[in-house]
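Inspection log for the structure reproduced underneath, given as structure tokens.
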Amino acid sequence: DSPKPFSWRLSPKMVRLFILGSERADGLDREVAQKWFGDRSFVERSIVTLASDRGLLLIGDPGTGKSWLAELLSAAISRNSTLVVQGTAGTTED
Numbered sequence: 001d002s003p004k005p006f007s008w009r010l011s012p013k014m015v016r017l018f019i020l021g022s023e024r025a026d027g028l029d030r031e032v033a034q035k036w037f038g039d040r041s042f043v044e045r046s047i048v049t050l051a052s053d054r055g056l057l058l059i060g061d062p063g064t065g066k067s068w069l070a071e072l073l074s075a076a077i078s079r080n081s082t083l084v085v086q087g088t089a090g091t092t093e094d
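So, in structure tokens, the structure goes:
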């Protein structure tokens, strides 16, 4: 068991494994399916940012997987992928 931040359900190592997958996970008897097919370092930087108790803002062109990554991170960390706040540059406080 790897150390994990307070209130996280999985350690950062296991969050990475959950999202990026593995042919054979350490200590597990089966493969973990890869869920993210983009830049692996982007996922790792996102996990490090969240583990340091800072907020994470994903910015990029439409269709690049920002919402999908946010849902995966939320599901892995809290076991609830509905805890994601989304908005656009056009979103106002009204």
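Mapping to the UniProt record's numbering: the sequence shown position 87 is 87, numbers consecutive. C-beta atoms are modelled at their ideal positions from N, C-alpha and C, and glycine is treated no differently. Keep in mind that this is a model prediction, so the values were computed, not measured.
Asked	Found
What are the boundary residues of the alpha helix (DSSP H) that includes S46?	R40 to A51
What does S22 pair with, by DSSP beta-bridge criteria?	V32
How big is the Cα-Cα spacing for F18 and S52?	19 Å
With 7 Å as the threshold, decide whether the Cβ of M14 is near any Cβ in chain D.	In the structure shown, chain D does not exist; there is a single protein chain.
Among residues of its own chain, excluding the 5 on either side of L50, which ones have a beta-carbon nearer than 6 Å to its beta-carbon?	L56
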